[in-house]
Each structure stands twice: as structure tokens, then as C-alpha cells.
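Worksheet: the structure to be examined is printed underneath.
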Amino acid sequence: MSTETTSSVQSEPADASGSALSRSREAFISHWGEMGTSWGVPRSLAEIHALLFIEGRPLCTDEIMERRGVSRGNVSTTLRQLSEWGIVTRVRIRGDRKDYFEAEQDVWNLLSLIVRARKRRELEPLLAALEDARALASDAEDAPKEDRKETKAHLDRLKSMHDALRRLDRLSDRFIGRGGKGLDVAVRLLTPLL
Numbered sequence: 010m011s012t013e014t015t016s017s018v019q020s021e022p023a024d025a026s027g028s029a030l031s032r033s034r035e036a037f038i039s040h041w042g043e044m045g046t047s048w049g050v051p052r053s054l055a056e057i058h059a060l061l062f063i064e065g066r067p068l069c070t071d072e073i074m075e076r077r078g079v080s081r082g083n084v085s086t087t088l089r090q091l092s093e094w095g096i097v098t099r100v101r102i103r104g105d106r107k108d109y110f111e112a113e114q115d116v117w118n119l120l121s122l123i124v125r126a127r128k129r130r131e132l133e134p135l136l137a138a139l140e141d142a143r144a145l146a147s148d149a150e151d152a153p154k155e156d157r158k159e160t161k162a163h164l165d166r167l168k169s170m171h172d173a174l175r176r177l178d179r180l181s182d183r184f185i186g187r188g189g190k191g192l193d194v195a196v197r198l199l200t201p202l203l
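Going by the numbering used here, the letters in the sequence shown line up with residues 10 to 203, in that order.
Next up, the structure:
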């Protein structure tokens, strides 16, 4: 997704009628927020992303604040984070001076962007920490004979964890490339096996 686009889309008012569609949107937003918290993502961040995704159209900061009942500062910080992850883009609407935001709508690309962001924030630092821990433990190989067995077992556990995570890292690189299509292909190939 590009960083900023210009759109001729006109903003539509929120569906406040309590219709089945409105209830469905709220249910999706709520469940996405719950899932986000289980992943360690703030609920408001997950819910704002869900709102932008499920609406399928650009929303301005004021509308997001009103719809989610959160402060301007919270919305601003959240939109900045979502933009950094690449899953939300700032757009301009002709004739309107406000900034609008829209979520990535291609589900496979969206999942790819989320995996890439989590990989960068979690997996890569963990791999570096494991390498550091292995380097520290390898210094203990010169330890007294009675400690060598424990040191070797410790190094073997670290190596096993590092190797498994490195494979996962390489696999995720393959899947998150090509705009998320690698992940789509992998899921399609693996689905018959489930």
C-alpha cells in the first residue's frame, strides 16, 4: 500500500441505526480487539484497525474517535502505529482538508504485513538474544570438568531453539514475500492435509 493517496470517495455517515449490519460490524470489531489483546496488542489499536478494515472506506480521525469513544491522542498514536506496520494508509479526499485513513483490504497482504511486523518486533530480537546466550555459554566450555556436561546440555537446548526459530524465520520470509501471495499459496496447499 502506498503511504498516501488521493481519493474521490466521499465519507459516509456511520450506520447508527442498530441494523444487523451495524451489529455485525461491532461484533467483528469486538472479536478482533479480543484477539489483539491475546497477541499482546492494545485493544484500542486492534479495534481501530478492525473498524477501518470492516468499513472498507476511509475514515477521518473525528469519526474514529466518535465511533470508538476514544481520545484524539489515542487515535493519533494508534494510527501512527498502524501506519508504521503498513496496514493503514493516510488518504486525502478531494475537497476535504481532513486526513482520512483506510486499512489494507487484501486479506493475504494484510496478514503478510502483520506477520512481517511481528517478525521484526519479536522473532528477530529473540534470535539475536539466543545467539548472545550461546556465545556466553560457549565461554563456559572452559569450565571445570564437572560443569562441562551441564554446559553442553545448555548449549544443545539453545542450539535446538535457535535452529527451529531460524527455520521459522526463513519460512516466514518465503511466505510474507510477494505481497502475501506466498502465504495464500501455502495455505491452499496445506488445507487438503488438514
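Backbone N, C-alpha and C fix where the C-beta goes; we use that ideal spot for every residue, glycine too.
CA-to-CA distance, residue j to residue i, given in whole angstroms
i      : j      : result
ARG77  : VAL124 : 25 Å
ARG176 : ASP148 : 26 Å
LEU132 : PHE184 : 15 Å
PRO134 : ASP141 : 11 Å
LEU136 : GLU113 : 29 Å
PRO22  : ARG197 : Its pLDDT being 46, under 50, PRO22 is placed unreliably in this model, and the value from its coordinates should be taken loosely. Near 38 Å, if we compare the C-alpha coordinates of ARG197 and PRO22.
ASP165 : PRO153 : 18 Å
ALA29  : ILE73  : 20 Å
ALA55  : THR46  : 8 Å
HIS171 : LYS128 : 15 Å
THR200 : LEU180 : 17 Å
HIS163 : LEU174 : 17 Å
Residue i classed as buried or exposed, judged by whether at least 16 other C-beta atoms fall within 10 angstroms
i     : result
THR14 : With a pLDDT of 49 at THR14, under the threshold of 50, the modelled position of that residue is not reliable, and the figure given next carries that caveat. Answer is exposed; the Cβ neighbour count stays below 16.
GLY49 : exposed
PRO67 : buried
DSSP three-state assignment for residue i, whether helix, strand or coil
i      : result
ASP141 : helix
ALA23  : At ALA23 the pLDDT is 48, less than 50, meaning the model places this residue with poor confidence and gives no usable figure here.
LEU68  : strand
GLY49  : coil
VAL232 : As displayed, the chain neither begins before 10 nor continues past 203, which places residue 232 out of reach and without an answer.
ARG127 : helix
Residue i and residue j closer than 8 Å at C-beta
i     : j     : result
ILE38 : ILE63 : yes
THR70 : ARG81 : yes
Opposing strand residues paired with residue i [DSSP bridges]
i      : result
THR98  : GLU111
LEU122 : Its beta-bridge partners do not exist; DSSP assigns none.
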